[in-house]
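Reviewing the structure listed below.
Residue numbers (the working numbering): 39 to 347.
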């Protein structure tokens, strides 16, 4: 059987695609898979507002189009970039391999930790939830917009445009650049974007034979985690229009789900958590979303929308 896998033309995307392809080959002897590079327009993202919530899906629009047109059979995408709502119904997350670290990390000049950054330090990030949590932890530093691939972001740091930047640990690890990490930020203070560290293998919904092949590398605990986290997105980002930090963790058949929303300045933080059987992750996440809405997530979301006007 011959398959074509689509990948964005970035080093991280190519590495992640190759990792997935190797796992699929190990489980399916004799399978031939050809990698097809798909150029995307994600560089246009540098014109987006720092506070834009319309970030999910912008990186993979062209990849999705290639899937629907049959130019590729499947694609490997970052889970946190895959929309949880309003996604083309012809496509499906066919498989979820084992997750990398979901943690946020700080990379800084002089290898300084967050608490050691000078007052007024420029910290690069364009993730709304990272901005809010950074302002809560260090209200005396200055978040500044930072776009581009990981290498571009590190290059701008090294040129002195920033004093530090915030990144996902999983991306740096997959690039073989973990030595650049100055500090792994505490999960409870920097709850990541839902899906961070996980990959989504996307295919056409009607390609049942391919879906069966892709599921050979499915990691059930990771699937349970991301399904719960994506439910948080569905109820909070799509209902209250507020950035959400969300993380689910499966251990020994049990799942813990936690989430937070913050005001733009980070001064107000709403938090909720639930634990239970791993099979109940989506229900627990839905309950968390409803609790945060009851606590005022919609009001906080309105403050974000007003800031963008």
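We put the CB at the ideal spot given by N, CA and C, even for glycine.
| query | result |
| --- | --- |
| Here's the rule I'm using: 16 or more other beta-carbon atoms within 10 Å means buried, otherwise exposed. How should residue 140 be labelled? | buried |
| Compute the beta-carbon to beta-carbon distance between residue 316 and residue 284, rounded to the nearest angstrom, for a pair I have assumed lies under 8 Å. | Residue 316 to residue 284, Cβ: 16 Å. No contact. |
| Determine the DSSP secondary structure at residue 127, reduced to helix, strand or coil. | coil |
| Quick check: the Cα distance between residue 182 and residue 162, rounded to an integer number of angstroms? | 5 Å |
| Determine whether the beta carbon atoms of residue 266 and residue 240 lie at a separation below 8 Å. | no |
| Just the C-alpha distance for residue 107 and residue 246, rounded to the nearest angstrom, thanks. | 17 Å |
| Buried or exposed for residue 84, going by 16 or more other Cβ atoms inside 10 Å? | Confidence is the limiting factor: at residue 84 the pLDDT is only 46, short of 50, which leaves the residue's position unreliable and the question unanswerable from this model. |
| Within 10 Å of its beta-carbon, does residue 113 have 16 or more other beta-carbons around it, so buried, or fewer, so exposed? | buried |
| Distance check for residue 158 and residue 252, CA to CA, integer angstroms please. | 48 Å |
| Here's a check: name, in chain order, each residue in its chain whose Cβ is nearer than 7 Å to the Cβ of residue 196, leaving out the five neighbours to either side. | none |
| According to DSSP, is residue 182 part of a helix, a strand, or is it coil? | strand |
| Taking residue 146 as part of the alpha helix (DSSP H), name the residues at either end of that continuous run. | No alpha helix (DSSP H) holds residue 146; the beta strand (DSSP E) holding it covers 142 to 146. |
| Residue 221 to residue 68, Cα distance in whole Å? | 43 Å |
| Per DSSP, residue 73 forms a beta bridge with which residues? | 43 |
| To the nearest angstrom, how far is it from the Cα of residue 303 to the Cα of residue 174? | 7 Å |
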